[in-house]
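Heads up: the sequence shown begins at 540 in my numbering, then just goes up one per residue.
From the three backbone atoms N, C-alpha and C, an ideal C-beta is built for every residue, glycine too.
Heads up, the thing below is written out as structure tokens.
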Amino acid sequence: MTAARAAVEILKREGVSNAFGVPGAAINPFYAALKAAGGVHHTLARHVEGASHMAEGYTRTHPGNIGVCVGTSGPAGTDMITGLYSAIGDSIPILCITGQAPTAVIHKEDFQAVDIASIARPVTKAATTVLEAAQVPGVFQQAFHLMRSGRPGPVLIDLPIDVQLTEIEFDPETYEPLPVYRPAATRAQAEKAVRMLNASERPLIVAGGGIINADASDLLVEFAELTGTPVVPTLMGWGVIADDHELNAGMVGLQTSHRYGNATFLESDFILGIGNRWANRHTGRLDVYTRGRTFVHVDIEPTQIGKIFAPDYGIASDAKAALTLFVEVAKELKAAGELPDRAAWAASAQERKATLHRRTHFDNVPLKPQRVYEEMNRAFGPETRYVTTIGLSQIAGAQMLHVYKPRHWINCGQAGPLGWTIPAALGVATADPEAMVVALSGDYDFQFMLEELAVGAQHRVPYVHVLVNNSYLGLIRQAQRNFDIDFQVNLEFENLNSPELGVYGVDHVKVAEGLGCKAIRVTEPDQLLPAFEQAKKLAAEFRVPVIVEAILERVTNIAMSGSDIASVNEFEDLATEPWHAPTEILPLT
């Protein structure tokens, strides 16, 4: 068979059932093999970067998923670099397959011939241009091994057109994936870590995205319950423990954090970090974050331990392997009566959770964004999969929305590219077509890749997209306050074709409808909940993306700190009465 056909047969045997991409001359032999072989559903994107983000969303939805994105030579590969960067930053395995000029002319400035492997290498676990057709099966086999082993991440395979067309000897019936390698904690390491936790008075577990990658959330909850230790999920780990669990202490950080989460962290004396990377917007200033605390860090990547600061003890281990041993040790200590009673400490965390609230209930017109998230909490239940990227919309959403399950907050954490949300949501909805998928964007994120809405219309991929529109680059405007400027961040203009919008510029409803989707515009707070309910019905009926655009006040400053978790500027009035924050997890006391 051709090397291209061998590649497709390997995809199927590695568990791939979906791919996202855009064909072109240099990758057409692969597409011919994809069609002839069957078994892999392909979604045609409108932009190749969009295909890479669809692959990311697809991977992030279910344990074991690996999203595949495909493009031709030259600009297709460079367009997918942002998706690869986003994937490696968040430890997400995706496979990027590109076409390439014939091997004889790659270095002769042939049309759309670029050294994509060299360009992609810094943002992948491996990037290879295959020059010998007989190596194609081995390169694909190794790619899946690398993506799954150790810290997960993306791989790029570049296939010259003559390599794709060359016939090779390959027997797919006897193909077997390579064994996956993941480091595992030892019993001695687990015993030391748990005894260090036992020796503390006010311990916390910082639960990162590595726990979700390892599909170990149940073990994390079991260990927390055995030891009575409150849990702080990171932004990438949000959902490892339900927001309404009595040991969920809230999130910590400069931006995507809860008042009660930061307050509880500042009272702690011991931190067990599992599958987290001490991201700077979680920690803030390290002297404030680390002062007076003992740290144990568990991470699948050995070089991650000590990268940001030196823990008191480090364990290189897959999160599931470590938590399995932690649970085993904790059960033995409990049976021996050697686990301390943490009830008072856990209760103090819950007391903060019931008192340190931000206000969400406002009746202002134009809308205050906080009210949008309050009504989202009413409209979208515990099964909702939220998808978002970066901006004040994401930061406020993380402060005010609620997540109850792993992989139900799907967020690019490290890279944060604008435009990520629409294609990623399409990838999520493709991976879980019966789920309630709700995307969240500001107006600029929405405008970056809104052409991908046509993909949802063409392929009947329904989801609800909440668009908060203040016609501003809100997060950058807020950051510019430190420079006493408000410069090149204002998106307002009077749209000649939609004068009813005033200065809000782009008519997102018309654009969405022109791309084959449904859209609703909301201008008053009492319209929000009915609009969300209507959007769910329209998505179910028409099987297309449905946009709910909320017209916000132009300027809202969302709570955040520029330096450390002890000095978050709240900007807005805080909740002092229960009705100020009616959808909080615990009523205000």
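C-alpha distance - residue i paired with residue j, whole-angstrom precision
i, j, result
"residue 786", "residue 947", "19 Å"
"residue 1104", "residue 821", "8 Å"
"residue 875", "residue 663", "47 Å"
"residue 1079", "residue 999", "10 Å"
"residue 729", "residue 817", "21 Å"
"residue 827", "residue 1106", "10 Å"
"residue 715", "residue 1009", "53 Å"
"residue 1015", "residue 743", "33 Å"
"residue 805", "residue 915", "30 Å"
"residue 800", "residue 970", "32 Å"
"residue 1076", "residue 974", "13 Å"
"residue 758", "residue 860", "10 Å"
"residue 846", "residue 1046", "46 Å"
"residue 857", "residue 907", "42 Å"
"residue 1092", "residue 783", "31 Å"
"residue 1002", "residue 852", "44 Å"
"residue 710", "residue 725", "39 Å"
"residue 993", "residue 611", "21 Å"
"residue 545", "residue 634", "16 Å"
"residue 764", "residue 919", "28 Å"
"residue 1040", "residue 911", "19 Å"
"residue 601", "residue 961", "18 Å"
"residue 849", "residue 865", "22 Å"
"residue 1064", "residue 1111", "18 Å"
"residue 838", "residue 1038", "54 Å"
"residue 863", "residue 1101", "38 Å"
"residue 941", "residue 761", "21 Å"
"residue 1074", "residue 1062", "16 Å"
"residue 1024", "residue 1013", "13 Å"
"residue 1084", "residue 1004", "7 Å"
"residue 574", "residue 614", "24 Å"
Beta-ladder partner(s) of residue i, from DSSP
i, result
"residue 948", "925"
"residue 1006", "980, 1088"
"residue 1103", "823"
"residue 557", "580"
"residue 1108", "1099"
"residue 897", "1113"
"residue 609", "560, 636"
"residue 697", "637, 668"
"residue 1129", "Any answer about residue 1129 is impossible in this case: the structure gives the chain only from 540 up to 1128."
"residue 906", "1091"
"residue 541", "706"
"residue 855", "838"
Contacts around residue i, its chain only, beta-carbon distance under 6 Å, and the 5 residues preceding and following it disregarded
i, result
"residue 1097", "931, 934, 935"
"residue 815", "745, 747, 773"
"residue 562", "570"
"residue 672", "542, 702, 705, 707"
"residue 1017", "1096"
"residue 753", "857, 858, 859"
"residue 777", "942, 948"
"residue 1125", "892, 893"
Other residues of its chain near residue i: CB distance less than 7 Å, five sequence neighbours each side excluded
i, result
"residue 1128", "893, 894"
"residue 556", "579, 580"
"residue 890", "none"
"residue 667", "656, 678, 696, 697"
"residue 879", "737"
"residue 832", "807, 808, 809, 810"
"residue 834", "810, 812, 850, 851"
"residue 1072", "918"
Other residues of its chain near residue i: CB distance less than 8 Å, five sequence neighbours each side excluded
i, result
"residue 957", "928, 929, 930, 983, 984, 987"
"residue 1036", "1046, 1049"
"residue 548", "540, 576, 709, 711, 714"
"residue 717", "680, 681, 683, 684"
"residue 623", "591, 633, 635, 659, 662, 663, 693, 695"
Nearest-angstrom beta carbon gap, residue j and residue i [assumed within contact, 8 Å]
i, j, result
"residue 1006", "residue 1086", "6 Å"
"residue 1131", "residue 1056", "For the chain, the structure presents residues 540 to 1128; residue 1131 sits outside this window and is missing."
"residue 1034", "residue 1011", "Their Cβ separation, rounded to whole angstroms, is 16 Å, which puts residue 1034 and residue 1011 out of contact at 8 Å."
"residue 592", "residue 963", "5 Å"
"residue 700", "residue 565", "5 Å"
"residue 588", "residue 637", "No, residue 588 and residue 637 are not in contact; Cβ-Cβ is about 13 Å, not under 8 Å."
"residue 686", "residue 751", "The Cβ separation is near 16 Å, so there is no contact."
"residue 976", "residue 968", "5 Å"
"residue 790", "residue 771", "7 Å"
Cβ of residue i within 8 Å of any chain D Cβ
i, result
"residue 895", "The displayed structure is made up of one protein chain only, and chain D is not part of it."
Self-check item: beta strand (DSSP E) runs wholly inside the stretch 611-674, at least 3 long, in chain order
Solution: Whole beta strand (DSSP E) segments, 3+ residues: 633-639, 665-668.
Practice problem: For the stretch 699-781, list the alpha helix (DSSP H) runs that are entirely contained and at least 4 residues long, ordered along the chain. | Solution: Here the runs fully enclosed are 700-704, 726-737, 748-752, 756-766.
Exercise. Would you mind listing the beta strand (DSSP E) stretches within the stretch 779-853 that are 3+ residues and don't spill past its ends, in chain order?
Key: At a cut-off of 3 residues, the continuous stretches assigned as beta strand (DSSP E) that sit fully inside the stretch 779-853 are 809-813, 833-838.
Practice problem: Please specify which runs of the alpha helix (DSSP H), each continuous and at least 4 residues long, are wholly inside the stretch 1004-1061, giving them in chain order. | Solution: Entirely contained in the stretch 1004-1061, the alpha helix (DSSP H) runs reaching 4 residues are, in chain order, 1013-1019, 1047-1053.
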